[in-house]
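**Q**
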Amino acid sequence: MIQSANVNHLWATLLVEEMVRNGVGTFCIAPGSRSTPLVVAVARNPRARAIVHYDERGAAFHALGCGRATGEPAVVVTTSGSALANVWPAVVEASLERVPLLVLSGDRPPELQDAGANQTMDQVKFFGGYAEWSATLPCPSTDIDPAVVLTTVDQAVSRSRGPAGGAVHVNCMFREPLAPAEQGEDFEAYLEPMRAWRDGVHAYTRHESAPPRGAPELPAELAELVARRPRGLLVAGGLASAAERAAVAHLAEALGWPFLPDVTSGLRLDGNTATLVPYHEVLLGSTEFMRDHPVEAVIHLGGRWTSRRLPDHLEVAPPKDYVVVNEQPDRVDPIHRATRRFQLRVAEFCEALRALAGMGHARTAADAASGAAVGEAGGPPDSGWLASWRQASDHVGRRLDELLDRNGTLNEPKVARLVSRHIGGGEGLYLASSMPVRDMDAFGAPRPDPALVAANRGASGVDGTIATATGFARGLDKCVTLVIGDQAFLHDLNSLRLCRSLDHPFVIVVLNNDGGGIFSFLPIARFPDVFEPYFGASHGMTFEHAAALFGLEYAVPSTADEFVDAYARARGRDGATVIEVRTARQDNVDLHASLRREALAGLTQAPSGAGR
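Residue numbers (our numbering): 1038 to 1649.
1. Going residue by residue through the stretch 1296-1340, where are the continuous alpha helix (DSSP H) segments of at least 4 residues, counting only ones entirely within it?
2. Which class does A1492 belong to by DSSP, given the choice of helix, strand or coil?
3. Helix or strand or just coil, what does DSSP make of V1546?
4. Less than 6 angstroms between C-beta atoms, sequence neighbours within five positions excluded: which residues of the same chain meet that for V1545?
5. Along the beta strand (DSSP E) that carries D1144, what are the first and last residues, could you check?
6. Compute the Euclidean distance between the alpha carbons of G1462 and D1486, then round it to the nearest angstrom.
7. Would Q1220 be called buried (16 or more neighbouring beta carbons within 10 Å of its own) or exposed?
8. Excluding sequence positions up to five away, which residues of its chain have a Cβ less than 8 angstroms from the Cβ of Q1160?
9. How should G1339 be labelled, buried or exposed, when 16 other C-beta atoms within 10 angstroms of its C-beta is the threshold for buried?
10. Looking only at C-alpha atoms, which of S1072, R1484, V1618, G1573 sits nearest to Y1591?
11. With H, G and I counted as helix, E and B as strand and the rest as coil, what does DSSP make of W1170?
12. Residues in its own chain within less than 7 angstroms of D1611 by CB, not counting five upstream and five downstream?
13. On the CB-based measure, 16 or more other CB atoms within 10 Å of its CB, does G1445 come out buried or exposed?
14. For the alpha helix (DSSP H) containing M1231, name the first residue and the last one.
15. Determine the extent of the alpha helix (DSSP H) in which V1517 is found, giving its start and end residues.
16. Leaving out the 5 sequence neighbours to the left and right, which residues in its chain are closer than 8 angstroms to A1607 when beta-carbon positions are compared?
17. Quick check on H1206: does DSSP put it in helix, strand or coil?
18. Could you give the DSSP three-state label for I1066: helix, strand or coil?
19. Please name the residue in V1490, K1357, S1072 whose C-alpha comes closest to that of Q1156.
20. Distance check for E1333 and A1184, CA to CA, integer angstroms please.
21. Does the beta-carbon of M1578 have 16 or more other beta-carbons within 10 angstroms, so that it is buried, or is it exposed?
22. Do you know how far the Cα of V1335 is from the Cα of R1382?
23. Hey, would you say R1391 sits closer than 8 angstroms to L1288, going by beta carbons?
24. Are the stretch 1081-1088 and the stretch 1489-1502 in contact at 8 angstroms, needing three or more beta carbon pairs?
25. With burial defined as no fewer than 16 other Cβ atoms inside 10 Å of the residue's Cβ, what is the status of V1567: buried or exposed?
26. Should the stretch 1501-1513 be called in touch with the stretch 1459-1477, which here means at least 3 C-beta pairs below 8 angstroms?
27. Under the assumption that V1124 contacts T1115 (Cβ atoms under 8 angstroms), give the Cβ distance between them as a whole number of angstroms.
28. Assuming the contact rule is C-beta atoms closer than 8 angstroms, Y1091 and P1068 should be a hit. Round their C-beta distance to whole Å, please.
29. Which of the three DSSP states is assigned to E1364 in this structure?
30. Between the Cα of A1424 and those of E1245, A1049, T1312, N1549, spot the shortest distance and give me the residue it belongs to.
31. Whole angstroms are fine: how far does the CA of M1158 sit from the CA of A1482?
32. Decide yes or no for the touch test of the stretch 1339-1358 against the stretch 1367-1376: beta carbon pairs closer than 8 angstroms, at least 3 of them.
33. Does the Cβ of V1238 have 16 or more other Cβ atoms within 10 Å, making it buried, or fewer, making it exposed?
34. Enumerate in chain order the residues of its own chain whose CB-to-CB distance from K1357 is below 8 angstroms, with the five nearest sequence positions on each side excluded.
35. Measure the Cβ-Cβ separation of D1523 and N1550 and say whether it is below 8 angstroms.
36. Assuming V1361 and R1378 are in contact, meaning their beta carbons sit under 8 angstroms apart, how far apart are those beta carbons, in whole angstroms?
Right, dumping it as C-alpha cells:
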C-alpha cells in the first residue's frame, strides 16, 4: 500500500482489501475507464476472485445470483455514465427479494458534473429507495483520513448483510490519472495511523449483530386458533435459507394442516413432508373441490406465491383468520385479506408456534395420511380435512402421469416433470419467469432428494436470467439446470459467455415456442389484430448457432426419451449445454387447458372423507 502508484490506486487498494477482509471475495467486473483504479485493485489482490463480463447488466445479475446462492454479497464493478444505469434491474431484484448485492461504481469528479463532460451523469444516491444504503466517496486525497474508506466499506458490507439485506451502492469519484502511473508520492506517513490495521488481517470496524432472540412470545389467540383445529391451510412462499425450510417443514408435520408450498419455497418438490399437497396449483382450479373445502384459516410463511389461484380464491372467499409471517417489514398481502401479521424470522415463528401449541413431536406419514392428531393442543383436527386434500392431490398426480405419458412427444409441462424427476438430488434448479416457473409449480414431481430451487421473483422480469443462473451456479459450486423461455433466452443472450467460466456442468433447457408464450394465456390473445405482432412477437429463430457462437454443446430432442438421454449427458459433461425444446404456442395453451381439465376428471369420485 505504501508503494501504491498514486493516491487513486491507494484508496482503491484500501477499498478492495477491506472488502476481502469482510469476507467479500467475488468481483464481477464490466470493463470501463473511470473504474480503472478499482479494477486494478481487484486484479492485484490475490484473495479477490474476478469475473469479467462485457455487459454491466449481466455482470450485475451474475453477482445477484452469487448472493442468492450463498447469502453473502458479491460485488459488481462498473464505470460511470449509462454503465451504472444497466445495473438498475439487478438492484431492483435484490431490493425486492432482499438478496445481498454490492455495487461499486467509478464516477467523474465534482468539477465535471453538470458541465457537459463525456460519460457523466448524477450518480449520487442513483438507485434511490431501491438501495438499502448508498455512499459517495470523494476524490482520493491525502488531506482525508484513509480510515474514511475503510469505515465506508465496513458499513456497506454490514448493511448488505443486515436484516433488511438488498443492494448497497458505493460511488467512487476519481480524477486523473486513472492508470497506475507513478506519481512519486510516499504514503508512509499518511498510512502510519493505520499501522495496526495494515499489519493485521481483520476489518477496520467489525460490525457485531445482536445475538439471536429467544423464541418470541406469540399471542394467546394464536394458540387458540391452532387449538380450535379449524380447516386450515399452511402456505409457504419464498424462503431464504435451509434453516427456514427445515423449520417450516417441521411445523407443517406438527400442525397437521394441508401444506401448500410455492415452488420458490424450495419445499414444493420435496416429497419428505407428510402433509405436503404437491399438486395444489391444479387442485385449486376445481370449483367443486374448493366449494366442498371451505378454508377457515391460513398461515402464510415467507414471501408471496407464484400462482394466483389461491390468492384469487381467498379474495372472494376470505378465511376468518389469515396470518402472514415474514421477517421483513414488506406487506406480503396483495389481496388485502390478512387479519394478523408477524414481522418475525420464519424459523423463530415456527418454533414458537410449535411450543405454544404443545406440538412436541412430528407427525408420522401414517398420521398425516389419516389426519390423526399430534401433540397436546385441542384434540384432533377435522378427521378428513388433511386426508381429503392429500388424496385429491395424489389423484391429480396420477392423472398427470397418465396424461403426459400417453405418447413420447415433448411439451412444456412434460419438460417440467422430466427435469424435476431427473435432476440430481441437491443440484441447483433455476426457473425463469413467465411459464417455466409456473409449469414447475403446477406439474413438477416431488421426490425425496429434491433440487435447490431459485428464481427471480422480486420484479418477475425476464432480464438477466442466464447471468443470474450462472452466478447461482458459481455460488452453489455444483451443477445447475436453468429452465428458460425463448424470449428470456434472447433477452440475455450475451450472458452465455459466463457459462464458459463455470467449474461444473451447467444445463440450459430453453423452451422455444417462437415468441411470448405466456401472453397466449392472457385475455389479449382474443384480439388477433394486435396480439401476434405486438405480444406474440414471433422471431423465427432457433438456437443451435447461438450455442456454437459461445462454444457450448447443443441438443434438440424431439421425444421424451431423447430429452432424458440428452439431459443425462449434459449433467455428466464438463461445461455448459443448451437443450432446445421446440413447441407451438397455441398447442401449449390447448394442452394446459386439457391437462388441468382431465387431471381433475373423476376427482369427485375419489375418496374424500371431508364431508361438508
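Quick reminder that beta carbons are idealized off the backbone N, C-alpha and C, glycines included.
If you're wondering where the values come from, they're calculated on a predicted model, not measured in any experiment.
**A** Result, derived from the coordinates:
1. You should have 1317-1320, 1324-1329.
2. Reading the sequence shown from its first residue, position 455 is the one you call residue 1492. A1492: strand per DSSP, three-state reduction.
3. In the sequence shown, counting from the first residue as 1, residue 1546 sits at position 509. In the structure shown, V1546 falls within a strand segment according to DSSP collapsed to helix, strand and coil.
4. Within the sequence shown, residue 1545 is the residue found at index 508, counting from 1. It is worth fixing the name first, because residue 1545 is Ile in this sequence and not Val. The residues are L1519, V1615.
5. Taking the first residue of the sequence shown as position 1, residue 1144 is located at position 107. First-last of the beta strand (DSSP E) with D1144: 1138-1144.
6. By one-based count along the sequence shown, residue 1462 stands at place 425. By one-based count along the sequence shown, residue 1486 stands at place 449. Approximately 5 angstroms, taken between the alpha carbons.
7. Locating residue 1220 in the sequence shown gives position 183, counting from the first residue. Counting C-beta atoms within 10 angstroms of its own C-beta, Q1220 has fewer than 16 neighbours from the protein chains shown and is therefore classed as exposed.
8. For the purposes of this step, residue 1160 is taken as residue 123 along the sequence shown, with counting starting at 1. Counting only Cβ-Cβ distances below 8 angstroms, and skipping sequence neighbours, we find S1117, L1121, S1142, D1144, T1173, N1208.
9. The residue you call residue 1339 lines up with position 302 of the sequence shown. Residue burial is scored here from C-beta neighbours: G1339 has at least 16 other C-beta atoms within 10 angstroms and is therefore classed as buried.
10. Working through the sequence shown from its first residue, we reach residue 1591 at position 554. The shortest C-alpha separation from Y1591 is found at V1618.
11. As a position in the sequence shown, residue 1170 is number 133, starting the count at 1. Under the three-state reduction of DSSP, W1170 is assigned to strand.
12. The sequence position of residue 1611 within the sequence shown is 574, counting from 1. Answer for D1611: P1542, listed in chain order.
13. Looking up residue 1445 in the sequence shown gives position 408. That one is exposed.
14. Here the question's residue 1231 lines up with position 194 in the sequence shown. That residue, M1231, is in no alpha helix (DSSP H); it is neither H nor E in DSSP.
15. Counting from one through the sequence shown, the residue named residue 1517 turns up at place 480. Looking at the DSSP string, V1517 is not in any alpha helix (DSSP H); the run it does join, the beta strand (DSSP E), is 1517-1522.
16. The residue you call residue 1607 lines up with position 570 of the sequence shown. Leaving aside the five residues that flank A1607 on each side, the residues in its chain whose CB is nearer than 8 angstroms to its CB run, in chain order, P1542, V1544, E1590, A1592, T1614, I1616.
17. Numbered from 1 along the sequence shown, position 169 holds the residue referred to as residue 1206. Look at H1206 here: in three-state DSSP terms it is strand.
18. Position 29 of the sequence shown, counted from the start, is the residue given in the question as residue 1066. Strand.
19. The residue labelled residue 1156 in the question sits at position 119 within the sequence shown. Ranking the options by Cα distance to Q1156, first place goes to S1072.
20. Start at 1 with the first residue of the sequence shown, and residue 1184 comes out as number 147. Start at 1 with the first residue of the sequence shown, and residue 1333 comes out as number 296. Rounded to the nearest whole angstrom, the C-alpha separation of A1184 and E1333 is 58 angstroms.
21. Indexing the sequence shown from 1 puts residue 1578 at position 541. So M1578 ends up on the exposed side.
22. The count along the sequence shown starts at 1 and reaches residue 1382 at position 345. The count along the sequence shown starts at 1 and reaches residue 1335 at position 298. In this structure, the CA atom of R1382 is about 18 angstroms from the CA atom of V1335.
23. Locating residue 1391 in the sequence shown gives position 354, where the first residue counts as 1. Locating residue 1288 in the sequence shown gives position 251, where the first residue counts as 1. Their beta carbons are under 8 angstroms apart, which means R1391 touches L1288 by this criterion.
24. No, the stretch 1081-1088 is not in contact with the stretch 1489-1502.
25. Here residue 1567 refers to the residue found at position 530 of the sequence shown. Flag for V1567 reads exposed.
26. A contact exists between the stretch 1501-1513 and the stretch 1459-1477.
27. If you number the sequence shown from 1, residue 1124 lands on position 87. If you number the sequence shown from 1, residue 1115 lands on position 78. At roughly 6 angstroms, the Cβ-Cβ gap stays under 8 angstroms, so V1124 and T1115 are in contact.
28. Locating residue 1091 in the sequence shown gives position 54, counting from the first residue. Locating residue 1068 in the sequence shown gives position 31, counting from the first residue. Confirmed, about 7 angstroms.
29. Residue numbering aside, residue 1364 sits at position 327 when the sequence shown is read from its first letter. Coil, per DSSP.
30. Numbered from 1 along the sequence shown, position 387 holds the residue referred to as residue 1424. By alpha-carbon distance to A1424, the top candidate from E1245, A1049, T1312, N1549 is T1312.
31. As a first step, residue 1482 is located in the sequence shown; it is residue number 445 there, counting from the start. As a first step, residue 1158 is located in the sequence shown; it is residue number 121 there, counting from the start. Whole-angstrom Cα-Cα distance: 50 angstroms.
32. The stretch 1339-1358, when compared against the stretch 1367-1376, does touch it at the 8 angstroms Cβ threshold.
33. Numbered from its first residue, the sequence shown carries residue 1238 at position 201. Residue environment analysis places V1238 among the exposed positions, since fewer than 16 neighbouring C-beta atoms fall within 10 angstroms of its C-beta.
34. Within the sequence shown, numbered from 1, the residue matching residue 1357 stands at position 320. Annotation for K1357: P1267, E1333, A1334, T1376 place their beta carbon closer than 8 angstroms to its own, counting only its chain and skipping 5 residues before and after.
35. Here residue 1523 is taken as the residue at index 486 of the sequence shown, counted from 1. Here residue 1550 is taken as the residue at index 513 of the sequence shown, counted from 1. Cβ atoms of D1523 and N1550: closer than 8 angstroms.
36. Indexing the sequence shown from 1 puts residue 1361 at position 324. Indexing the sequence shown from 1 puts residue 1378 at position 341. 5 angstroms between Cβ atoms; contact.
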